[in-house]
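Colleague: So the protein lines, in turn, are chains A and B. So for the first sequence, this note's numbering puts the first residue at 1; every next one is plus one. So for the second sequence, this note's numbering puts the first residue at 1; every next one is plus one. Backbone N, C-alpha and C define an ideal beta-carbon position, used for all residues, glycine too. The model shown is predicted, which means the values in this text are computed figures rather than measured ones. Before I ask anything, here is the structure I am working with.
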Amino acid sequence: MHAAPGKNHFELFGLPVSFDIDADDLTSRYRELQRRVHPDKFANASDQERRLSLQMTAMVNEAYLTLKDPVRRGRYLLSLRGVDMDEETDTAMDPAFLMEQMELRENLEKIRQADNPGRRLAELANRIGQCMQEKIGQLRLALNRNSAEETKHARNLVREMQFLQKMHHEIDNLEEELAI
Amino acid sequence: MTLFQISEPGQTPAPHERRYAVGIDLGTTNSLVACVRRSAAETLPDESGRHLLPSVVRYLAKGEPVVGHEAMAVAHEDPLNTIASVKRLMGRGIEDVRRLGKSLPYEFIRGDSAMLRLRTAAGERSPVQISSEILKKLKARAVKSLDVEIADAVITVPAYFDDAQRQATKDAARLAGLNVLRLLNEPTAAAIAYGLDRNPQGVYAIYDLGGGTFDISLLRLNHGVFEVMATAGDSALGGDDMDHAIAGWIMQQASIADDSDHKQMRRLLRDARAAKEALTQDKRVPLNIVHGNGESWQGELSRDQLHTLIDPLIERTISPSRRALRDAGITPRDINGVVMVGGATRIPRVREKVSYFFGREPLADIDPDKVVAIGAALQADILIGNKRDEEMLLLDVIPLSLGLEIMGGMVEKIIPRNTTIPVAKSQDFTTYKDGQTALLIHVLQGERELVSDCRSLARFELRGIPPMTAGAARIRVSFQIDADGLLSVSAREQTTGVESSVVVKPSYGLTDAEIERMLRESTAHAGADDVTRKLREQQVDADRLIEAVRGALNVDGALLNASERAEIESSLTDLQAVRGGNDGARIKRAIKKLDAATQTFAQRRMDENIRKAMAGHRLEEFDVPRDKSPS
C-alpha cells in the first residue's frame, strides 16, 4: 500500500523509460521530490501520513539510487522488459572478458606486495574506469535498439559491468586496508 | 499596505501560536539544551548561569538522583554511585565494557538481555535510565526558563552510532517524557548551526571530536538541501581517552600502582583533564598528586609530552577521515570548508593535525561545545512547524552496513553503509527442511565478513510458516530504516500470503515491556499513578492527531468530496468529544478511528505532493523524441 501504486522508477521521477538520463536533471528532480515527501516535512502529521512519507521517501531513494548508476539503470530497464539478471541458467560469458578479469585480479593480488601500491592501484582503477565507459556506450546502443538480440547483448554487458564494479570495490577495499 | 488575514469562523484552528521544541545535545562529558526564541537559537542556562550540564548522575540510597555539577563535585568521593560518561555505555554489552578496560570505575551486572546494568545505592540501573535522568534535568531547565510545557525534542547522536546506540537514546527520551521529533546526527546539527544551508553550494567536512566519540561527515550543500555524502568515525574515541592516556602517564611517573582504588582513579582523571585544558594555553603545567597514603608527588607535564601521549589518538581520527573521503569519491581539494565540533577540538594539536590533513584552516567561530545543541534547536523549530516554508532539508545516511547471518557464520550485506535514509530493502529466504515452520534471522551491523566481527543488532524468529517441502516457502523479510536511522523488520510468506509473526529480541536494547515497567516505576516513585500517566499520554496523542488532521483539511480539503470530508469531520468531532474525558481506552479507539478515516486522504495528499514536485519538470517529458522512449 503506497501512495504511488504501480509507478515504476522512471514514472515516479516523471521521466521517459529510457537509458538516456541527464544526471543533473535527475538530481534536481530527486531533490524536488524529497522536499515534498521527506519525513521531516511530516514530523507533526498523523501516524498515517508519517508512515506514507517514510514509504515514499524510501521509494524515491531506491529509485534515485537505481536511475543514477548506469549499471543498475541498465539492469532495471532489463527487468522492466522481463529479463531477469539473477537467473543462472545462461552462465556463458565472453571468454576474452573472463580472461581479462582474471588478469586484472592477478594484478590486484600482486599490488599488495608491490612498491608504491597507491600509484598502481590508481592505474588499475583508471583502466577499469575506461573499460566501464566503453561498456556504458555499448549498453546505451543495445538498449535503445530494443530487439531480442540486442536485449541479450545488453544483459551480457550488464553482467560484465557488475564484474567491473565488484573489481572497483575490491580496489577500494585494498586501498583502505593499505591505508593509502 | 499590509493586509490582515481573517479566517472564516469555525474553519481555522487557533491562530498559529509559536510552539516550543528543544534541541538537546546529550554529550559524553557535558549536555546542553537549546531553543529558538525570537527567531534566534540559544542554549539555556541553569539558575547559576551555567550552560553546560556535566553528564554525571549520582544515585543516593533514598530520594531522587543528583545530576550535573553537584554530582560531579563528589564524583571522586562516591565513585561507584556517581556515573559519568554514560553515553559510552549506551547500547553496549558487558563484553564491550571489558574492551574499554578498567577505565570505567563502576560495578557492572549482566541483565536479562546483553545490555549491561550498573549497581548503585538506589539499585540496579541501565545506561538508558541514567541518560534519562540527564534528559529530565535538561527538560526541567527548559520548562523553567521558557515557562511553557515542553514535550518535543530533537536529540543529537554521533553520526557513527549504530542501531542499538540510537535506540537506547530514543528509549532514554521516552523515559524522560520527551517525544523525539528526530534523532539528529551531531555533525549535521553543527552544519545547520553554521548556517551552511544558506550557502548556495559546496562540500564541507565536519570533524567532531567529543568526550567519547569521533565522527567525520562530508556534506554536500545545494540550495538548502544538505546531503550527507559519507560518514565515518569511532564511537569509542574522544577526549576521555586523552585523559586516560595522561592519567596513565602520571601513574607511571608518580609510581602509583595499577590497582589503585576508584577514588584515586577519579582524582587522577580529574587532574589529567585539568592539565590537558591548561596546556591549550600554556607550554607546561605543574602537577601535584596526593597519594592514597597522604604523601604527595610533584612533577610537570609539557606540551611536547602531551603530544607524545595524544598523537596516537589523533592519528586514529585520520583513517576514518580518509575512508569517508574515499566513500564520497572526493579528495581534500574538493572540500570548501572544515568545521570543528566538540570540546576536544579546542586542543591546539588537534587543530594543527586536522589543518594539515585537509590542507586548510578549520572553521571554529561557534563555541564547539554549543554548536551541536544550537543546530538541534534550529531543526526542532522547523520540525515543530514554526517555519512552514523552510527550504532546508537534511538527507542523512546509515553509517554502518546492515547485513544478515548466512551459512558458515558469514554476513551478507543487505544495505551498504552511506546509503541515504529512509531506506527499505527486501530479501527472500526459504526453508531447508521439510515441514519447517520457523526461521531464525540474525541481523548485524558492521563492515566485516564474519558474524563474530560485526555487531549483533537483533535476532528475529519467524514463526507460523505453513509446512511445505524444503525450499518451497518464499519468506520475504523487509527491512526498513527510518529517518532516525532506526531499523524495523517485517516478514511475509509469499506463496500463501501468511504474515509471519516477528519476535524481536534487541541484542543490547530494552523491550517495550521493560520500558513500560520502568515508566510505571518512575511514576510510582514520583507519587503519580499509572492510570493518570497513560490517560495523559492518550490526550497528548489525541491533540497531536486533531491538530494534524485540521491542518491537513485546511491545506488540502479540496482533495476530498463532500461525503469523504463529512466522514473525517465526524471522526474528528468524536475524538474531540472524548478527549477531555478520563477514559483512556475510549480516546485510544477514537484515535484509531480517525486515523483509519484519513487513510485515503493521506494517500491523495502524498500523490498531490509528488505531482507538485514534478510540476516544474513536466514539460520536458514531452520534449523527448518518441524513438528515445522504448515502450
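Give me whichever residues DSSP pairs with residue 34/B in a beta bridge.
Modeller: Looking at the DSSP assignment, residue 34/B forms a beta bridge with 23/B, 43/B.
Colleague: Answer with yes or no whether the minimum CB distance from residue 598/B to chain A is below 8 angstroms.
Modeller: Judged by the 8 angstroms Cβ criterion, residue 598/B is in contact with chain A.
Colleague: Between which residues of its own chain and residue 5/B is the CB-CB distance below 8 angstroms, once the five residues before and five after are set aside?
Modeller: In this predicted model, residue 5/B has a pLDDT of only 45, less than 50, meaning its place in the structure is not dependable; the value taken from the coordinates is given anyway. Result list for residue 5/B: empty, nothing under 8 angstroms.
Colleague: Is it buried or exposed, residue 431/B, if we count other Cβ atoms within 10 angstroms and call 16 or more buried?
Modeller: Per the 10 Å Cβ criterion, buried.
Colleague: Looking at the secondary structure, which residues open and close the alpha helix (DSSP H) in which residue 551/B lies?
Modeller: Its alpha helix (DSSP H) spans residues 530-556.
Colleague: Counting only Cβ-Cβ distances shorter than 7 angstroms, please list the residues of the segment 469-485 of chain B near chain A, keeping chain order.
Modeller: Under the 7 angstroms Cβ criterion, the segment 469-485 of chain B contributes 480, 482, 483.
Colleague: Beta-carbon separation of residue 368/B and residue 231/B under 8 angstroms?
Modeller: No, the Cβ-Cβ distance between residue 368/B and residue 231/B is not below 8 angstroms.
Colleague: Who pairs with residue 279/B in a beta bridge, going by DSSP?
Modeller: Answer is none; residue 279/B lacks a bridge partner.
Colleague: Our contact map puts residue 154/A next to residue 181/B with C-beta atoms below 8 angstroms; I'd like the distance itself, whole angstroms only.
Modeller: At roughly 46 angstroms, the Cβ-Cβ gap does not stay under 8 angstroms, so residue 154/A and residue 181/B are not in contact.
Colleague: Return helix, strand or coil for residue 9/B, following the three-state DSSP convention.
Modeller: With a pLDDT of 42 at residue 9/B, under the threshold of 50, the modelled position of this residue cannot be trusted, and the question is left open.
Colleague: Can you pull the chain A neighbours of residue 423/B, defined as C-beta to C-beta under 9 angstroms?
Modeller: Per Cβ cutoff of 9 angstroms: 57, 58, 61, 62, 65.
Colleague: I'd like to know if residue 369/B contacts chain E, where contact means its C-beta is closer than 8 angstroms to some C-beta of that chain.
Modeller: No chain E is present in this structure, whose protein chains are A and B.
Colleague: Hey, how far is the Cα of residue 12/B from the Cα of residue 609/B?
Modeller: Only weak support is given to the placement of residue 12/B: the predicted model assigns it a pLDDT of 42, under 50, and the value that follows is read from those uncertain coordinates. If you take the alpha carbons of residue 12/B and residue 609/B, they lie about 22 angstroms apart.
Colleague: Using the C-alpha atoms, what's the distance from residue 440/B back to residue 461/B?
Modeller: Straight-line Cα distance between these residues: approximately 5 angstroms.
Colleague: Could you check whether the Cβ of residue 158/A sits closer than 8 angstroms to any Cβ belonging to chain B?
Modeller: No, because no Cβ of chain B sits closer than 8 angstroms to the Cβ of residue 158/A.
Colleague: Quick check: the Cα distance between residue 409/B and residue 446/B, rounded to an integer number of angstroms?
Modeller: Using only the alpha carbons, I get a separation of about 14 angstroms.
Colleague: For the putative contact between residue 404/B and residue 414/B, defined by C-beta atoms under 8 angstroms, what is the C-beta separation to the nearest angstrom?
Modeller: Confirmed, about 6 angstroms.
Colleague: Using a Cβ cut-off of 8 angstroms, pull out every chain B residue sitting near residue 83/A, in sequence order please.
Modeller: What residue 83/A touches in chain B: nothing, since even the nearest Cβ is about 13 angstroms away.
Colleague: Going along chain A, which residues have a C-beta under 7 angstroms from residue 609/B?
Modeller: Near residue 609/B (Cβ distances below 7 angstroms), the residues of chain A are 36, 37.
Colleague: I need the boundaries of the alpha helix (DSSP H) containing residue 136/B, first residue and last residue.
Modeller: First-last of the alpha helix (DSSP H) with residue 136/B: 127-146.
Colleague: Over what stretch of residues does the alpha helix (DSSP H) that includes residue 144/A continue unbroken?
Modeller: Note, residue 144/A: alpha helix (DSSP H), 117-145.
Colleague: Hey, how far is the Cα of residue 95/B from the Cα of residue 204/B?
Modeller: Approximately 36 angstroms between the Cα atoms of the pair.
Colleague: Just verifying my parser: in three-state terms, what is the DSSP assignment at residue 314/B?
Modeller: Helix at residue 314/B.
Colleague: Within a Cβ cutoff of 7 angstroms, which residues of the same chain sit near residue 615/B, ignoring the five residues on either side of it in sequence?
Modeller: Taken in chain order, the list of residues that qualify is empty.
Colleague: Report yes or no: is there a C-beta of chain A within less than 8 angstroms of the C-beta of residue 595/B?
Modeller: Judged by the 8 angstroms Cβ criterion, residue 595/B is in contact with chain A.
Colleague: For residue 32/A, count the other beta carbons within 10 Å of its own beta carbon; 16 or more makes it buried, fewer makes it exposed. Which is it?
Modeller: Label assigned to residue 32/A: buried.
Colleague: Classify residue 317/B as buried or exposed, calling it buried when 16 or more other Cβ atoms lie within 10 Å of its own Cβ.
Modeller: That one is buried.
Colleague: Are the CB atoms of residue 250/B and residue 289/B nearer to each other than 8 angstroms?
Modeller: Contact: yes.
Colleague: Kindly list the residues whose CB is nearer than 6 angstroms to the CB of residue 455/B, restricted to its own chain and excluding five residues on each side of it in sequence; keep chain order.
Modeller: Closer than 6 angstroms at Cβ, skipping near neighbours: 162, 445, 446.
Colleague: For residue 93/A, does the three-state DSSP call read helix, strand or coil?
Modeller: Here residue 93/A sits in coil by DSSP.
Colleague: Verify the CB distance criterion: does residue 418/B have a CB-CB separation below 8 angstroms to chain A?
Modeller: No - not a single Cβ of chain A is within 8 angstroms of the one on residue 418/B.
Colleague: Use the C-beta contact count for residue 14/A: other C-beta atoms within 10 angstroms, 16 or more gives buried, fewer gives exposed.
Modeller: Counting Cβ neighbours within 10 Å, residue 14/A comes out buried, since at least 16 surround it.
Colleague: Quick check: the segment 192-210 of chain B against the segment 172-179 of chain B, are there 3 or more CB pairs under 8 angstroms?
Modeller: No: the two stretches stay apart, fewer than three of their Cβ pairs being nearer than 8 angstroms.
Colleague: Would you say residue 172/A reaches chain B, if we count a Cβ-Cβ gap shorter than 8 angstroms as a contact?
Modeller: Taking Cβ atoms only, chain B reaches closer than 8 angstroms to residue 172/A, which makes this a yes.
Colleague: Flag this pair as touching only if the segment 341-357 of chain B and the segment 147-166 of chain B have three or more C-beta atom pairs under 8 angstroms; answer yes or no.
Modeller: Too few Cβ pairs lie closer than 8 angstroms, so no.
Colleague: Does DSSP put residue 185/B in a helix, in a strand, or in coil?
Modeller: Strand, per DSSP.
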